[in-house]
Amino acid sequence: MKEQIQKKLSDSKAARWTALIIVSFTMMCGYFLTDVMSPLENLLTTRGSVAYFTDDTSVPTDSLLAKMELLAADEASPSLTVESLEKGLQVQYLDCVDGNQQVVEKTVATIASGEGWSSTEYGFFSGSYGYINVFLLMLFFGGLILDKMGIRFTGILSSGLMFAGALIKWYALASDFGDATFLGMNLQVVVASLGFSIFGVGCEISGITVSKVIVKWFAGKELALAMGLQVAMARIGTAVALGVSLPVARMMGEVSYPVLFGAITLCIGFLCYLVYCVMDKKEDASVQAARQEAGETAEEEGFKMSDLKLIFCSKGFWLITLLCLMFYAGVFPFLKFATKLMIFKYNVPESFAGLIPALLPFGTILLTPVFGTLYDRIGRGATLMIIGSVMLTVVHVLFALPVMNYWWFAVVVMVILGIAFSLVPSAMWPSVPKIIPMKQLGSAYAIIFYIQNIGLAMVPLLIGWVINDFATQYNEAGVVTGYNYTVPMTIFALFGACAILISLMLRQEDAKKHYGLEEANMKK
Ligand SMILES: NCCCC[C@H](NC(=O)[C@@H](N)CCCCN)C(=O)O
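Structure (structure tokens):
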């Protein structure tokens, strides 16, 4: 009789890659929503509506109407209103071209309404992703819930929270709050930030859940490649958000439409996670059956609070956590301000400005799995993290330079940042299971994400305030004329410098404790 060996579902290549694609899709939708507002900074911080012309230039409608009135002053022209400006309308107005007053003729492509937020309010809103996670310790509890209640319950809860938060954010942006305030802050900013905070809780808890899902299905197999592919799919979400959000908002004349689209995709992501739960149940059943066949009756011991001690006492764990804080503080918050940086520092036309930051996640889509495979097969994880941190620092120093303000230079620098942003995540995340055992992994990822969220919450707040108070340039009439990005970009470079230091310490610690960070992941 042929001997039958009971196999786990995850031993099937098709099954484990299917599970990966499903959970990665849910995360991709989350990443789309995370950055969907980043390219809209300029529109959000514009007061009143803006007329965009077919030649890709734009003028606030108030100023356009004034310039049109000026030209029509001595003619018996009908009185002009914002409502009379519409798509396809040919307008003539007096404008200063090369120092001379000239009559300019243009065609209106679209009218979009700005929200009139200050840079500080925009920074507050961008950081709100992490407020509940940080101040209500939600990520910490999320890790405990994950280790106690399991992957299925936690994933459903967190993807539901992402969807709910996205709906609140959309409601805030689609509604007119007039001049209403809450605790002295623009009410629209407050409600949008509340939605983004709730979404942030869901997105981060989904992140740790998906990490645990991947370790469950891929441990001892293509772990780093799988993690790299999950991150690559997430980056598609970020890239699409950065690339299409502004054109969509301009076309629809409203900042809320890209968010509505994001909320719809999150609903689909939620449904996908339910499908994964069916697979997860089958995997558990197959593991149970395989154990019984092998005569292993003892159940794996559950998570205990005392297990946290092991995590907190590990120096390697703390170094990875601090590296994560510093490295990510130099990337995700930077993306929130990158589109406006392209417009004002590198003079990129507004409709293309989001495409240059979008190069960053696009590059990582290919490179993260490549570096993941490299780590799986050759090792050198700690060294990859050092190289990535050096590149991050160089990039921000180059962005801080007051010279070389050419669009092609910004493209080159962004590509380098893309390589750095592939190197560090593809080596850092698969290194955590080498330091912390599976049983405490949910809590370990949660603590790392928690500390990382302090950066994701506070850095946009800091940079928004710095741009508002130190980088904005005004003319004598108090009108904003441009921005000087030297100080904000120098702050980002400092995060990179800290990341270099920490990654060097991590390699040293690895050599002492033999975590195996420089060794290959795949067992031959
Ligand atoms: N297996 C862990 C993968 C983590 C990927 C990592 N994500 C994060 O660090 C999140 N805490 C923050 C994501 C913010 C955008 N939603 C990544 O590199 O994206």
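Residue numbers for the sequence shown follow my numbering, so the first one is 548 and each next one is one higher.
Beta carbons are placed, not taken as given, at the ideal position from N, Cα and C, and that holds for glycine.
Q. So what's residue 641 in DSSP terms, helix, strand or just coil?
A. In this structure, DSSP gives residue 641 an extended state, which the three-state scheme calls strand.
Q: Within its chain, find whatever has a CB closer than 6 Å to the CB of residue 557; leave out the 5 residues flanking it on each side and keep chain order.
A: Excluding positions up to five away in sequence, the list reads 563, 764 and 830.
Q: Identify whether residue 659 lies in helix, strand or coil by the three-state DSSP scheme.
A: strand
**Q.** Cβ distance (whole Å) where residue 661 is taken to contact residue 594 below 8 Å
**A.** 6 Å
Q | Exposure label - residue 955; buried when at least 16 CB within 10 Å | A | exposed
Q) What are the boundary residues of the beta strand (DSSP E) that includes residue 1148? A) As displayed, the chain neither begins before 548 nor continues past 1071, which places residue 1148 out of reach and without an answer.
(Q) Runs of 3 residues minimum, wholly inside the region 760 to 848: which ones carry the beta strand (DSSP E) assignment? (A) none
Q: Go ahead and pull the three-state DSSP assignment for residue 583.
A: Reduced to three states, the DSSP call for residue 583 is coil.
Q. Quick one: does the C-beta of residue 1012 sit closer than 6 Å to a heavy atom of ligand 2?
A. With respect to ligand 2, the structure shown offers nothing to examine, as its ligands consist of ligand 1.
Q) Does the beta carbon of residue 972 fall short of 6 Å from some heavy atom of ligand 1? A) At least one heavy atom of ligand 1 lies less than 6 Å from the C-beta of residue 972.
Q) So residue 1035 packs on residue 1018, CB below 8 Å; how close in whole Å? A) 6 Å
Q: Starting from the Cα of residue 917, find the closest Cα among 819, 969 and 935 and give me that residue.
A: 969
Q: Could you check if residue 896 is buried or exposed, using at least 16 other CB atoms within 10 Å of its CB as the buried criterion?
A: exposed
Q: Within 10 angstroms of the Cβ of residue 884, are there 16 or more other Cβ atoms? Answer buried if so, exposed if not.
A: buried
Q. Helix, strand or coil: how does DSSP classify residue 589 here?
A. helix
Q) Going by the beta-carbon positions, is the gap between residue 713 and residue 672 smaller than 7 Å? A) no
(Q) Give me, in chain order, the residues of the same chain whose beta-carbon lies closer than 7 Å to that of residue 1037; leave out the 5 immediate sequence neighbours on both sides. (A) 947
Q.
Rounding to the nearest angstrom, what Cα-Cα distance links residue 583 and residue 805 in this structure?
A. 7 Å
Q. Can the beta-carbon of residue 690 be found closer than 7 Å to that of residue 993?
A. Yes, the pair counts as a contact, with Cβ atoms nearer than the cut-off.
Q | Proximal residues to residue 776 (C-beta, below 6 Å), its chain only, five neighbours per side dropped | A | 916
Q) In whole angstroms, what separates the C-alpha of residue 1059 from that of residue 863? A) Their backbone Cα atoms lie some 10 Å apart in a straight line.
(Q) Applying the 10 Å Cβ sphere with the 16-neighbour rule, what's the burial state of residue 936? (A) buried
Q.
Considering Cα atoms alone, identify which of 717, 755, 734 and 736 is closest to residue 706.
A. 755
Q) Sorted by chain position, which residues of the same chain lie with C-beta nearer than 7 Å to residue 733's C-beta, five sequence neighbours on each side aside? A) Cβ neighbours of residue 733 beyond the five flanking positions: 664 and 668.
**Q.** Secondary structure of residue 623, DSSP reduced to three states
**A.** Residue placement at residue 623 is flagged as unreliable, the pLDDT there being 47, under the threshold of 50; a coordinate-derived value is accordingly withheld.
Q. Roughly how many whole angstroms lie between the Cα atoms of residue 1054 and residue 929?
A. 5 Å
Q. Is any heavy atom of ligand 1 found at a distance shorter than 6 Å from the C-beta of residue 744?
A. no
(Q) For ligand 1, is there any heavy atom lying closer than 6 Å to the beta carbon of residue 539? (A) Residue 539 is absent from the structure shown; the chain starts at 548 and stops at 1071.
Q | Option nearest residue 737 by Cα separation, candidates 752, 748, 751 and 716 | A | 716
Q: Given a cut-off of 7 Å, decide if residue 656 and residue 608 are closer than it, judged by their beta-carbon atoms.
A: no
Q. With a Cβ-Cβ cutoff of 7 Å, do residue 965 and residue 790 count as a contact?
A. no
Q. Short check: CB of residue 742 to CB of residue 1004, under 7 Å?
A. no
Q.
Check this for me: beta carbons of residue 919 and residue 1048, under 7 Å apart or not?
A. No, these two residues do not count as a Cβ contact at 7 Å.
Q: Below 6 Å CB to CB, which residues in the same chain sit around residue 697 once its five sequence neighbours on both sides are set aside?
A: none
Q. For residue 733, does the three-state DSSP call read helix, strand or coil?
A. Residue state for residue 733 is assigned as strand, using DSSP reduced to three classes.
Q: Using 10 angstroms around the beta-carbon of residue 659, count the other beta-carbons present and answer buried if the total reaches 16, otherwise exposed.
A: Burial check for residue 659: the Cβ neighbour count within 10 Å reaches 16 or more, so the residue is buried.
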